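Participant: In terms of the working numbering, the sequence shown has 122 at position 92, counting the first letter as 1, and numbering is strictly consecutive. Ideal placement from N, C-alpha and C gives every residue a C-beta, glycine not left out. Only a predicted model underlies this, so the values are computations on that prediction, with no experimental measurement involved.
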Amino acid sequence: MTSDAPVSGADIFECQNCGQCCCGFGGTYVTPQNIAEIADYLGLDSEQVRKNYCAPSGKKTVLAQKPGGYCVFWDEKCTIHPVKPRMCRAWPFIENVLRAPENWYIMADSCPGIKPGVSEPALVACVRHELARLEAHNAILP
Ligand code: SF4
Ligand code: SF4
């Protein structure tokens, strides 16, 4: 039984650091800005990051994966946490949930941090709020 009472992001998600979202899932897209931020964080230049930590995916670029499918930056935790790409920062409050809220309950099957006991209206309002918060945070980054 779920209610339509408003919920916060913390009410319906608490990361368990299991790393499952850093494994497989078709890759983590990175923009040139993401690559520059990762390079800065690692004390490298963008070309080194592109060459050593990225891979092509069609016309886009994704973070490379280690054998076994884990992201190249996963080592018991995200080793680039402060500069991880947008799709990692946003998870699990993603646009796909706004388009099709039932995705939340499917995502909960593979992400133990997601609490599925929330109604769709409350979920959609919460995801909208979390995405707006992320964009506001990105807007004030240097
Ligand atoms: S799958 Fe979910 S709980 Fe596990 S690390 Fe990713 S976000 Fe956290
Ligand atoms: S950048 Fe970090 S959070 Fe994103 S997939 Fe890689 S290890 Fe996971």
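At what residue ranges does the region 63-117 contain a whole run of the beta strand (DSSP E), taking only runs of 3 or more?
Facilitator: Correct list: 84-87, 90-93.
Participant: Looking only at C-alpha atoms, which of 113, 135, 112 sits nearest to residue 123?
Facilitator: The shortest Cα separation from residue 123 among 113, 135, 112 belongs to 135.
Participant: For residue 85, which residues of its own chain have a beta-carbon under 6 Å away from its beta-carbon, when the five flanking residues on both sides are left out?
Facilitator: Only 92, 94 meet the Cβ criterion.
Participant: Are there any heavy atoms of ligand 2 lying less than 7 Å away from the beta-carbon of residue 123, as far as the coordinates show?
Facilitator: Every heavy atom of ligand 2 is 7 Å or more from the Cβ of residue 123, so no.
Participant: With DSSP run on the structure shown, which of helix, strand or coil describes residue 53?
Facilitator: Looking at residue 53 - three-state DSSP - the assignment turns out to be strand.
Participant: Can you tell me whether residue 58 sits near ligand 2, meaning its C-beta is under 7 Å from at least one heavy atom of the ligand?
Facilitator: Yes.
Participant: Assuming residue 59 contacts residue 115 under a Cβ cut-off of 8 Å, what Cβ separation, rounded to an integer in Å, is found between them?
Facilitator: Correct: roughly 7 Å between the Cβ atoms.
Participant: CB residue 128 to CB residue 148, shorter than 8 Å?
Facilitator: No, the pair does not count as a contact, with Cβ atoms beyond the cut-off.
Participant: Would residue 113 pass as a contact of residue 42 if the rule is Cβ separation under 8 Å?
Facilitator: The answer is no: Cβ separation not under 8 Å.
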